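Chemist: Residue numbers (the working numbering): 756 to 1343. The C-beta atom is built at its ideal place from N, Cα and C for all residues, glycine as well. These numbers come from a predicted model, not from an experiment. Got a structure for you, questions after.
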């Protein structure tokens, strides 16, 4: 079918950019077409050209070494203004071209025939053209053949672009298309305000579990059905974008906000019953959105803001969440801190262990110290462990960070021993650390290297279900205990404490959480709970440490309950290693 030429130059240039057609890397298919076209018409040069605002570019070529030409000299500039093949039988006899440098000099063009590459929207992006250094005539049949070949070329360019911008599973526009469409909106001279809405429908790990159990085709069917459902429920026949597994995007004008939010609510109510498969499928709908208008931010930044809002919606278990600068800044700070922490772990700069004494109550003597990690950020100052350790726990960085703590603590034990002081040190280990296959070997190797007895080291681990549910984590604790290292359950009594921990984990020490300890003088229930825990622990042959002891009254209560050891600001804040020896003289 004949395509009608659209002469709008600004839209033509936009279409050229949208198709990313100026990408000129080698293309075997287009190169084959230029080769066959040259052979069919028996001419020395065949080109597939594209014209931007100032230059003529060669998408494919045969018979010339030219890479591009100035548009003012390009024969193809005339071709893109024509709906049919443009012919110049002898350029030296044509007043339009006889003084053209490409005619007067290399490649000495005499004959030119070009068929415009017209898109489905009617924009001529360039041409399929023939060149010769001798005059030639061109028949009507040859014009038709060149037109047909040009149609094949533009179809290949458009189809490849369409495939590259389409999600293969859902058949929806993909993330690349979303970015391109946001970019096109930015080029429009408009004050229109828009919303970018990201929608989450299927948990990624859950989808992988389905794929593992039932096969990837089932997951793909579910995703395709979700895409169809969203297009229907949100009245978006074309522009629901598929970003990543189970996540979709929509661009709407801000004036349509009430309608789209209502549609999202209805979709959330219906999605579970509408997405079906051979097995019950758990789907949901959470959405995050951000506003933007001209002049826009970069498309990637708009998507990032909407992604930030979506993650907040998922965390808060809300249907809709707007982009919030404060929460986004917190996330950006976390990401920045994580990158900076990597550098600190690699160099050791800014990291320090402080040591908080533990006092045995029956004789008020020093009963070891707990090593507490501190990080002095080069520009932000002291960063709380409660902020940076959870970040590290979510990444592989927790392994080298824990190794640094292990090594420094063991080296410090050795240093104190050389000074004539035997001070045992407890260090914190995460459940993720206990899942590492070589953790026990690494700790044992560090003890051997620095000639420190395992009995001088204590491992504190949090009472987590992850740890109990993992036979390997429990096996690691057993192996550490067999080496002679003490095992302590940290923060016992916080959150949900399962007595199963006491049966399965080879601990010798229970550390009562400070949230309970600090309330025993003012809260009757906390007092009863702490006393009962201490009695139970002693009945099971555990030693008990109470954390967070900050005043005399709390200390006296714990003494009445026969607590074994206390730790807290009442005796000392965490201190640097060079102060421990002098401080400990009063408790030796």
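Do the stretch 1124-1142 and the stretch 1092-1111 meet, that is, are 3 or more Cβ pairs less than 8 Å apart?
Modeler: yes
Chemist: Quick one: Cα of residue 831 to Cα of residue 813, how far?
Modeler: Take the alpha-carbon of residue 831 and the one of residue 813: they are about 11 Å apart.
Chemist: By the DSSP assignment, the alpha helix (DSSP H) with residue 965 in it spans what residues?
Modeler: In the DSSP assignment, residue 965 falls within the alpha helix (DSSP H) that extends over 959-969.
Chemist: For residue 1299, report the span of its alpha helix (DSSP H) as first-last.
Modeler: Premise fails: residue 1299 lies in the beta strand (DSSP E), 1298-1302, not in any alpha helix (DSSP H).
Chemist: Would residue 1348 and residue 1006 qualify as a contact pair, given that the criterion is a beta-carbon distance under 9 Å?
Modeler: Residue 1348 lies beyond the stretch modelled for the chain, which goes from 756 to 1343, so this question has no answer here.
Chemist: Pick from 1174, 1301 and 1159: whose alpha carbon is nearest that of residue 1334?
Modeler: Ranking 1174, 1301 and 1159 by Cα distance to residue 1334 puts 1174 first.
Chemist: Given a cut-off of 9 Å, decide if residue 1295 and residue 1304 are closer than it, judged by their beta-carbon atoms.
Modeler: The answer is no: Cβ separation not under 9 Å.
Chemist: Using CA atoms only, rank isn't needed, just tell me which of 801, 805 and 827 is closest to residue 816.
Modeler: 801
Chemist: How many whole angstroms separate the CB atoms of residue 1048 and residue 949, which I take to be in contact at a CB cut-off of 8 Å?
Modeler: 7 Å
Chemist: Return the Cβ separation of residue 1276 and residue 1318 in integer angstroms, given the expectation that the two are a contact with Cβ distance under 8 Å.
Modeler: Not really, about 14 Å apart at Cβ, beyond 8 Å.
Chemist: List the residues that DSSP assigns as beta-bridge partners of residue 1018.
Modeler: Answer is none; residue 1018 lacks a bridge partner.
Chemist: Can you check which of these residues, 1246, 965, 1040 and 1080, is closest to residue 1032 by C-alpha distance?
Modeler: 965
Chemist: Which same chain residues, not among the five before or five after residue 1240, have their C-beta less than 8 Å away from its C-beta?
Modeler: 1198, 1209, 1210, 1212, 1213 and 1214
Chemist: How long is the line joining the alpha carbons of residue 1229 and residue 1176, rounded to whole angstroms?
Modeler: 32 Å
Chemist: Here's the rule: buried if 16 or more other CB atoms are within 10 angstroms of the residue's CB, otherwise exposed. What is residue 1251?
Modeler: Residue placement at residue 1251 cannot be trusted, given a pLDDT of 49 that sits under 50; what the coordinates show is reported in the next sentence. By the neighbour-count rule (16 or more Cβ atoms within 10 Å), residue 1251 is not buried but exposed.
Chemist: Drop a sphere of 10 angstroms on the beta-carbon of residue 853, count the other beta-carbons inside from all chains shown, and report buried for 16 or more, exposed for fewer.
Modeler: A residue is called buried when at least 16 other Cβ atoms come within 10 angstroms of its Cβ; residue 853 does not meet this threshold and is exposed.
Chemist: So residue 980 packs on residue 912, CB below 8 Å; how close in whole Å?
Modeler: Rounded, the Cβ-Cβ distance is 32 Å, inconsistent with contact.
Chemist: If you run the structure through DSSP and keep just helix, strand and coil, what is residue 774?
Modeler: coil
Chemist: Pull up the DSSP beta-bridge partners for residue 1076, would you.
Modeler: 1043
Chemist: Could you check whether the stretch 1080-1092 touches the stretch 954-965, counting it as contact only if at least three pairs of C-beta atoms, one from each stretch, sit closer than 8 Å?
Modeler: no
Chemist: Label residue 1080 either buried or exposed according to how many other C-beta atoms from any shown protein chain fall within 10 Å of its C-beta, with 16 as the threshold for buried.
Modeler: exposed
Chemist: For residue 1207 versus residue 1242, is the C-beta distance shorter than 9 Å?
Modeler: Cβ atoms of residue 1207 and residue 1242: not closer than 9 Å.
Chemist: State buried or exposed for residue 1231, treating a residue as buried only when at least 16 other CB atoms are found within 10 Å of its CB.
Modeler: Burial call: buried.
Chemist: Measure the C-alpha to C-alpha separation of residue 839 and residue 758 and round it to an integer number of angstroms.
Modeler: 10 Å
Chemist: Which residue or residues does DSSP assign as beta-bridge partners of residue 815?
Modeler: 803
Chemist: Please report the straight-line C-alpha distance between residue 1273 and residue 1088, rounded to a whole angstrom.
Modeler: 32 Å
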